[in-house]
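First comes the structure, then the notes that go with it.
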Amino acid sequence: MSFAERDKTGAIMNVQGWLLDVSPRKLNERLVGEKLQDALENKRATETFLDMLSHEMRNPLSSILQLADGIMSLLETPPAPDTVESLKDSAQTITLCARHMKTIIDEVLTFSKLDSNLVVLSLERAQMPTIIETALKMFEAEIEHANIVANMEIDQSYVNLGVDFVLADPSRLLQVIINFLSNSIKFTKFERERRITIKLAASVTKPTTKDFGIAFLDPRKELAKDPSIVTTPTTSGPDNKLGDEVYIYIGVEDTGRGLSEDECKVLFQRFAQASPKTYKTYGGSGLGLFISRAISELHGGQIGVKSTAGVGSTFGFFVKTRRAEPPPPASRGSVASTEALTDVRNLPRSEGKQDVKILTMSNAVEESSLSVNDLHVLVCEDNKINQKVIAQQLRRSGVKAVHVADDGLAALDFLATTTFSSTSSSSPSAVPLSIILMDVEMPVMDGLGAVRRIRQLESKGEIKNHVPVVAITANARPEQVATALEAGMDEVVTKPFLVRDLVPRMMALVQKHMRGG
């Protein structure tokens, strides 16, 4: 700040000025701005995580409610020959859904403990091949359904070192392998070649990138600040005589879609997935890889990935263990041999994939009302369990025919074969579709994109009349519901829901548009 002193003629006599150091103020302003940005970023990450968590929990919960309702309905009537099989199938599906929900809950709880450094490893004698075989067994049905060839491969290094029992936390290591394996299945099941190999190796020195081609990540800053967090088997318990140190490496290699270099960079962080599309296409909480990294580091190891887009990925980790004496024969139980290298499933790949199929009534369903029995419903849902359960409950409600599609694009293709299509309406084979139940989060084309396209085709005259579309979604926040309605949905039903509550709303919507409403 300055000002000039002038004489009577206006000439400048002198200039006085002051300098004020505003550096502290500017620094504070910058720090406040950075903290504000951090707070906004944390808020965004939290909202994204809560959306994913809500979606992952609401989907299986919806199936559980539907199936439980169906079981109660079956028990109210005299048992039919196929009732037991139907109840058994429903119970198995409920178990799968509950297991999925437990996985999500476990991830959230583990993350919470990791954030507070409360995770403590429980070291015990374990055989690595047995842990891997357990993981493969857990996913046996899913691997078989996806026509994936999955096997365990024991490296010669493991055999040469004669590794048998080691001291580790088998439940935590299983958690890492399960995370890797479930990701590989999700990324591989739609590829032409479907193969997953779990490799087991060992070394007396710390593994490097040169050994397995994987760039292992440096330990997190939390471990650098407090190395005592790491649990290593350095002392023996009352029943454990510990031998030499040995590093165990486990890698899960797949022929999935692979990841780009940029996608790999964001992995293994809190709430991180390869890209925004990853969750829409494959689901997940975004916590699994972060938790896997933490578990491997708590074992004194590291984690990493090697991936090529369009070729496949290898997710691997190593842990630091010590050899342990075998337990007494009475407590050993069934121990898997390191020579038992067997395929879980070696199934031929399907030559083609039918995106839309018609699920016709296999049994006569008592007609609840003439109008319900006239309904042809298209269920557009990528989650196979939800798709199956909703279709099953609709048939039990008296719906004449249920058609299913795996994504929005498949739904549009099917719509072209119905009486709504201006080119197919006069065909004797045209399906008299009544209404579409549309999920929102789907691969290929999501529900919002599909309904927008339907409304565009209606405005062009390529689709006759108004197609009733109801969103069935786990996106339950008010702004998400508003977005669905703005996109062209007639109604939004949030998961979980019961089909018996949904049918009256479907009927009212169909009748409204039949009257030209």
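Count the sequence shown with the UniProt record's numbering and you get residues 1 to 517, in order. C-beta: ideal position from N, C-alpha, C; glycine also.
Item, Value
"In DSSP terms, what Lys-306 is bridged to", "Thr-314"
"Cβ contact (3+ pairs, closer than 8 angstroms) linking the stretch 379 to 392 and the stretch 406 to 421", "yes"
"Validate contact between the stretch 319 to 329 and the stretch 246 to 266 using beta carbons, cut 8 angstroms, 3 pairs", "yes"
"Where Thr-418 falls, given that 16 or more other Cβ within 10 Å makes a residue buried", "buried"
"Glu-297, buried or exposed, once every other Cβ within 10 Å from all chains shown has been counted against 16", "buried"
"Three-state secondary structure assigned by DSSP to Gly-17", "strand"
"CB contact flag (Gly-304, Ile-214, <8 angstroms)", "yes"
"Candidates Leu-498, Arg-453, Gln-456 and Glu-458, of which the one nearest Ile-472 by Cα", "Leu-498"
"Spatial distance of Lys-464 from Phe-420 (CA atoms)", "5 angstroms"
"Among Val-163, Asn-373 and Pro-432, the one whose alpha carbon lies nearest that of Val-204", "Val-163"
"Cut-off 7 angstroms between Cβ atoms - residues of its own chain near Ser-371, not counting five sequence neighbours on either side", "Met-507"
"Phe-216 vs Gly-251 beta-carbon contact at 8 angstroms", "no"
"Length of the line joining the Cα atoms of Val-108 and Ile-94", "21 angstroms"
"Classification of Asn-386 by the beta-carbon crowding that lies within 10 angstroms, buried from 16 upward", "buried"
"Cross-strand partners of Tyr-249 (DSSP beta bridge)", "Ala-201 and Phe-318"
"Inter-residue spacing [alpha-carbon to alpha-carbon] between Glu-441 and Val-470", "14 angstroms"
"Continuous alpha helix (DSSP H) stretch holding Glu-191: start and end", "Careful: Glu-191 lies outside any alpha helix (DSSP H) and carries neither H nor E."
"Distance CB(Leu-121)-CB(Asp-169) smaller than 8 angstroms", "yes"
"Within the UniProt domain \"Response regulatory\" (376 to 510), ranges of the beta strand (DSSP E) (whole runs, at least 3 residues)", "376 to 380, 401 to 405, 435 to 438, 469 to 473 and 491 to 494"
"Buried versus exposed, by CB contacts within 10 Å (16 or more), Thr-110", "buried"
"For Asn-147, the three-state DSSP class (helix, strand or coil)", "coil"
"Cα-Cα separation between Val-399 and Leu-509, rounded to whole angstroms", "15 angstroms"
"Counted within 10 angstroms of its Cβ, other Cβ atoms place Thr-9 as buried (16 or more) or exposed", "exposed"
"Beta-carbon spacing of Asn-179, Ser-307 below 8 angstroms", "no"
"8 angstroms contact criterion, which Phe-187 and Gly-256 should meet: CB distance rounded", "3 angstroms"
"For Met-152, the residue or residues it bridges with in DSSP", "Ile-198"
"Limits of the unbroken alpha helix (DSSP H) element including Ala-135", "128 to 138"
"Buried or exposed by the 16-neighbour rule on C-beta atoms within 10 Å, applied to Thr-314", "buried"
"Nearest-angstrom beta carbon gap, Arg-505 and Glu-486 [assumed within contact, 8 angstroms]", "Glu-486 to Arg-505, Cβ: 20 angstroms. No contact."
"When Leu-136, Ile-196, Asp-407 and Gly-310 are compared against Val-451, the one with the closest alpha-carbon", "Asp-407"
"Rounded Cβ spacing between Lys-495 and Ala-474 (contact assumed at less than 8 angstroms)", "5 angstroms"
"Cβ-based neighbour list, Arg-194, same chain, cut-off 7 angstroms, excluding 5 preceding and 5 following", "Ala-146, Asn-147, Ile-148, Val-149, Thr-188, Thr-255 and Arg-349"
"Euclidean distance between Cα positions of Val-503 and Arg-395", "11 angstroms"
"Ala-135 classed as buried or exposed, judged by whether at least 16 other C-beta atoms fall within 10 angstroms", "buried"
"C-alpha distance - Asp-374 paired with Ile-185, whole-angstrom precision", "39 angstroms"
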